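Mapping of the sequence shown onto my numbering: residues 22 to 363, in sequence order. Positions of the beta carbon are idealized from the N, C-alpha and C atoms, including for glycine. None of the values given here were measured: they were computed from a predicted structure. Quick notes on the structure that follows.
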Amino acid sequence: MTLNRAWLLLAACLLTPVTTASANVVTDWDEKAVAFIQPRMVPPVAYRAMAILHIAMFDALNSIEPRYRPYYAQFPATQDTSKGAAAAAAAGAVRANLLPEIAPDIQASLQSYLAAIPDSEAKSNGIKVGEAVAAKTLEARASDGSSAPDSYRPVTRPGVYTPTALTVTPQWPDLTPFAMTSPSQFRPKPPIALESEQWAKDYNEIRELGAKNSNKRSPQQTEDARFWLLTGPLSTHPLSRQIVIRKEMSVIDSARFMTVTTAAEADAAIAVMDAKYNYAFWRPITAIRNGDVDGNDATEREATWQPIDNTPMHPEYPCAHCIISSALAGAIEGMLGTADIP
């Protein structure tokens, strides 16, 4: 699956209603979780949260139907244990832990979902398994570095003004990955040299086409750019859910597929933040407003230049959209064994 193909499919999925008749507990709770998490967490934090949630659901379901190696935990469970109750309880417990400020709303959502499952020993056992797995999963990630103090210090000198806005997830370069051996395992090469011809070409292209009020950008290019402004799980998870539904995956295979894709996204976010903070490359708004000091005669300073949208509070290089979507595309192709996704 090429990167463009993955995002073309995503665009189609965002415009296509999901048929609930083909959904299952995994896709249901993914959609619920994204709705709660997306507006409350910045993308790297949200991807971590979704990975933890799906690992918990997978391990709970895999405890009942042990077909795969567990990720963090496996508890004894009979095959008649309710999978729906187990997965929902696991997802609900993870969400309530990660979003304590809205825990009552999450609990209400969970109880409403569980009410549709007939009361029985199978249901009670499912809830117990789900809660136990969630607790184990949360324990495993409790010291992964996500709550470490912000130690980022901008490059400056004493007495010189430094912008006071906080950067996004500066502790992510030290976060424990879900599958990678280290955050820097796939660190790319440094950005291109400012004195190079390629830098001047890229600089001028962004200055002309990326400006807020550009008269060089076509309406279609503007529409494409605004599509890419969508970030976080809301930009990627509809794609994964639609594949699960259209492929009519079993519940356990749905959980495994979603776990692999969300772990890939979470690790991609860790990797990209590692590289961003390692290279600390300036953003276009900074570069273009300071084009006279980059040592390149082919870059003209534009003191009032504004980008098409607000600039995120993290370094420019490398591209987070590109890396996260590529990781997702690779995970999907790896799981399905083909790049041909109808």
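Which same chain residues, not among the five before or five after PRO336, have their C-beta less than 7 Å away from its C-beta?
On the sequence shown, position 315 is the one that residue 336 refers to. Here the set comprises LYS297, TYR298, TYR300, ALA301, PHE302.
Alpha carbon to alpha carbon, how far is ALA112 from ILE215? Give it in angstroms, no decimals.
By one-based count along the sequence shown, residue 215 stands at place 194. By one-based count along the sequence shown, residue 112 stands at place 91. The question names Ile, but residue 215 in the sequence shown is Leu. Straight-line Cα distance between these residues: approximately 47 Å.
For the 8 Å Cβ check, are there 3 or more pairs between the stretch 225-241 and the stretch 205-213?
Too few Cβ pairs lie closer than 8 Å, so no.
State whether the stretch 50-58 contacts the stretch 112-127, with contact taken as three or more CB pairs (one from each stretch) at a distance under 8 Å.
Output reads yes: the stretch 112-127 touches the stretch 50-58.
Output needed for GLU152: all residues of its chain with C-beta closer than 8 Å, excluding positions within five of it in sequence on either side, in chain order.
Residue 152 sits at position 131 when you count from the first residue of the sequence shown. ALA110, ALA111, ALA114.
Where in the stretch 221-270 do unbroken runs of the alpha helix (DSSP H), each at least 4 residues long, occur, reported from the N-terminal end onward?
Within the stretch 221-270, the complete alpha helix (DSSP H) runs of at least 4 residues are 240-248, 254-267.
Tell whether a beta-carbon distance below 8 Å holds between LEU255 and GLN59.
Locating residue 255 in the sequence shown gives position 234, counting from the first residue. Locating residue 59 in the sequence shown gives position 38, counting from the first residue. Cβ atoms of LEU255 and GLN59: closer than 8 Å.
Taking the CB atoms as reference points, tell me whether LYS104 and VAL272 lie closer together than 8 Å.
Here residue 104 is taken as the residue at index 83 of the sequence shown, counted from 1. Here residue 272 is taken as the residue at index 251 of the sequence shown, counted from 1. Yes, Cβ-Cβ distance for LYS104 and VAL272 is below 8 Å.
Within this structure, are the beta carbons of ARG310 and ALA324 separated by less than 8 Å?
As a working mapping, residue 310 is identified with position 289 in the sequence shown. As a working mapping, residue 324 is identified with position 303 in the sequence shown. A contact, by the Cβ cut-off of 8 Å.
Take ARG262 and list the residues in its own chain whose beta-carbon comes closer than 7 Å to its own, dropping the five residues that flank it on each side.
Counted from its first residue, the sequence shown places residue 262 at position 241. Within the same chain, ARG262 has close Cβ partners VAL39, THR48, ASP51, GLU52.
Can you look up ALA42 in the DSSP assignment and give me helix, strand or coil?
Counting from one through the sequence shown, the residue named residue 42 turns up at place 21. Low confidence applies here, because ALA42 scores a pLDDT of 43, under 50, leaving its location unreliable; read the following figure in that light. It is helical.
In or out: PRO365 buried (at least 16 other Cβ within 10 Å) or exposed?
Because the chain in this structure spans residues 22 to 363, residue 365 falls outside the shown range and cannot be described.
For the stretch 86-173, which segments carrying the beta strand (DSSP E) assignment without a break, of at least 3 residues, lie completely within its bounds, in sequence order?
DSSP runs (the beta strand (DSSP E)) wholly in the stretch 86-173: none.
I need the DSSP call for PRO305, collapsed to helix, strand or coil.
Here residue 305 refers to the residue found at position 284 when the sequence shown is read from its first residue. Here PRO305 sits in helix by DSSP.
Which whole-angstrom value is the C-beta distance of ASP80 and THR197, which I expect to be below 8 Å?
Locating residue 80 in the sequence shown gives position 59, counting from the first residue. Locating residue 197 in the sequence shown gives position 176, counting from the first residue. Actually they do not touch by this definition, with Cβ atoms about 17 Å apart.
Does the stretch 237-248 come within contact of the stretch 314-328, defined as at least 3 CB pairs closer than 8 Å?
At 8 Å Cβ cutoff, the stretches do not touch.
Roughly how many angstroms lie between the CA atoms of ILE353 and PRO175, to the nearest whole one?
Here residue 353 is taken as the residue at index 332 of the sequence shown, counted from 1. Here residue 175 is taken as the residue at index 154 of the sequence shown, counted from 1. Their Cα atoms are separated by approximately 38 Å.
Let's see if you can read the secondary structure: which residues bound the alpha helix (DSSP H) around ASP274?
Start at 1 with the first residue of the sequence shown, and residue 274 comes out as number 253. Residues 272-300.
Going by C-alpha to C-alpha distance, which of THR177, ASN83, SER164, THR190 sits closest to VAL63?
The residue given as residue 63 occupies position 42 in the sequence shown. Of the listed residues, the one whose Cα sits closest to VAL63 is THR190.
Where LEU349 and ALA276 are concerned, what is the direct C-alpha to C-alpha distance, given to the nearest angstrom?
As a working mapping, residue 349 is identified with position 328 in the sequence shown. As a working mapping, residue 276 is identified with position 255 in the sequence shown. Rounded to the nearest angstrom, the two C-alpha atoms are 15 Å apart.
Could you check the C-alpha separation between ILE329 and LEU187 for me, to the nearest Å?
Looking up residue 329 in the sequence shown gives position 308. Looking up residue 187 in the sequence shown gives position 166. Looking at the two C-alpha atoms, the distance is approximately 22 Å.
Please look up how many angstroms separate the CB atoms of ALA72 and MET201, rounded, as I've assumed it's under 8 Å.
Working through the sequence shown from its first residue, we reach residue 72 at position 51. Working through the sequence shown from its first residue, we reach residue 201 at position 180. About 12 Å; that fails the 8 Å criterion.
Report, in whole angstroms, the separation of the C-beta atoms of PRO305 and GLY231, which I expect to be a contact under 8 Å.
Looking up residue 305 in the sequence shown gives position 284. Looking up residue 231 in the sequence shown gives position 210. The Cβ separation is near 6 Å, so the contact holds.
Just to check my reading of the structure: ALA287 and TYR89 have Cβ atoms closer than 8 Å, yes? What is that Cβ distance to the nearest angstrom?
Numbered from its first residue, the sequence shown carries residue 287 at position 266. Numbered from its first residue, the sequence shown carries residue 89 at position 68. That pair is no contact at about 19 Å.
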